[in-house]
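Presented below is the structure to which this report refers.
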Amino acid sequence: MTPYWRYAIELFPEFHKEPIPIGRFLCRQRRMTFSLLPIQLIPYFQYTVEAVLGTLLLGWDYWQGGQGGFWGASLKVDPDSLVTPWLVAFWLSAILRGLRRGHSVLGRFYDLTGIVTPKEVSSWKEAASYFLGLGLKVKTRPVGIQLVHVYTQATRQFLFGIPSQQRASNRP
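The sequence shown runs 1 to 172 under my numbering.
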């Protein structure tokens, strides 16, 4: 099948938006199409793993300083990137979902014993405990590709986001 085009938006070290081709294939057994996304992309996200994690690390930095993490992170990135406080909050929720789902696998490679459970704390505090356990820091680039690579190599799945073939798992 012919590829389709989608945007990949990077925010660090500077804002960059570029259309990229995504390979699309037909599974003859299930009669469904599927795509092969590059590892730096998150299913159904235009922003790269580095952009999302980098922005969340900025938000964490603002949150630690007693300021609004969502607002501070959105102000710190290029205004042309269209990152809003709401988008940062959505990203935090999506990334925490992925980290929780991947916790047992990631725990084989990283020290995640200090993770604080979500019932007791705010989302930023839980994210902070993951960031510390995974060795993610605001000033370190790239921040997330190695993390995603480790998880993908171990599971053959996406750490963040849900691909279409898993969304449609109830189909015959």
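Quick reminder that beta carbons are idealized off the backbone N, C-alpha and C, glycines included. All values derive from a computational prediction rather than experimental measurement.
Let me know the secondary structure DSSP gives residue i once reduced to three states.
i      : result
Leu41  : strand
Thr113 : coil
Arg101 : helix
Gly72  : helix
Arg108 : coil
Gly54  : helix
Lys125 : helix
Pro19  : strand
Phe176 : Given that the chain is displayed from residue 1 to residue 172, the structure contains no residue 176 and the question cannot be resolved.
Phe160 : coil
Leu82  : coil
Thr155 : helix
Leu26  : strand
Given a cut-off of 8 Å, decide if residue j and residue i are closer than it, judged by their beta-carbon atoms.
i      : j      : result
Gly54  : Tyr62  : no
Arg24  : Ser35  : yes
Pro21  : Pro163 : no
Ile95  : Leu56  : yes
Ala73  : Ile9   : no
Val143 : Leu159 : no
Leu11  : Ser81  : yes
Phe131 : Asp78  : no
Which residue wins for smallest C-alpha separation from residue i, given the options the options?
i      : options                        : result
Glu126 : Ile145, Val143, Phe109, His103 : His103
Leu26  : Phe15, Glu18, Thr2, Pro19      : Thr2
Thr33  : Tyr4, Ile39, Phe45, His16      : Tyr4
Val105 : Arg30, Leu132, Val150          : Val150
Arg100 : Val88, Trp86, Ile115           : Ile115
Lys76  : Pro13, Arg30, Phe45, Ser93     : Pro13
Gln48  : Gly107, Ser123, Trp60, Val83   : According to the sequence provided, residue 48 is Thr. The question's Gln does not apply to it. That would be Val83, whose Cα lies nearest to the Cα of Thr48.
Arg6   : Thr152, Trp91, Pro85, Phe45    : Phe45
Trp124 : Ala89, Leu41, Arg108           : Ala89
Ser122 : Arg31, Leu87, Ser93            : Ser93
Lys137 : Arg30, Leu41, Trp60            : Trp60
Gln146 : Pro19, Phe109, Gly161          : Phe109
Gly135 : Asp111, Pro85, Gln64           : Asp111
Arg156 : Arg97, Trp86, Ile39            : Ile39
Gly107 : Gly133, Pro85, Arg97, Leu41    : Gly133
Trp91  : Thr152, Pro19, Gly161, Lys139  : Gly161
Got a sec? Which residues, its chain only, sit under 6 Å from residue i by beta carbon, not counting five neighbours each side?
i      : result
Asn170 : Summary for Asn170: the model assigns pLDDT 48, below 50, so the residue's position carries little reliability; its value from the coordinates is reported in the next sentence. Answer for Asn170: no residue qualifies.
Ser129 : Gly114, Ile115, Val116
Report all residues from its chain with a CB closer than 8 Å to the CB of residue i; omit the five preceding and five following residues, and keep chain order.
i      : result
Thr152 : Ile39, Phe158, Leu159
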